[in-house]
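Trainee: So that we are looking at the same thing, I have put the structure below in structure tokens.
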Amino acid sequence: MDSFVKYFAVFMCLIYILVGAGLIWGNGAFEVTSVYSVPIGLTLIIYGLFRAYRIYQKYFS
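112 is the number of the first residue of the sequence shown in our numbering; add one for each residue after it.
Structural data, given as structure tokens:
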């Protein structure tokens, strides 16, 4: 069960980063104006990187 949680957490970090990048580059998947898409996208990318760092500390070090 612990390995499932570990890999699910890594998967969610990747999802946060990809959704944030999708919002910033505006590939048409999200209908959000650029006024909101860049700050929200940056927030999601930073949160995904923060979560990845915390998961690395918890499970891989």
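We put the CB at the ideal spot given by N, CA and C, even for glycine.
Are the region 136 to 145 and the region 154 to 169 touching by the rule of at least three beta carbon pairs closer than 8 Å?
Mentor: Counting Cβ pairs under 8 Å, fewer than three are found: no touch.
Trainee: For Ser145 and Arg165, what's the separation of their Cα atoms in angstroms?
Mentor: 30 Å
Trainee: Classify Ile128 as buried or exposed, calling it buried when 16 or more other Cβ atoms lie within 10 Å of its own Cβ.
Mentor: buried
Trainee: Given a cut-off of 7 Å, decide if Leu155 and Val130 are closer than it, judged by their beta-carbon atoms.
Mentor: yes
Trainee: Cα separation between Val143 and Ala132?
Mentor: 13 Å
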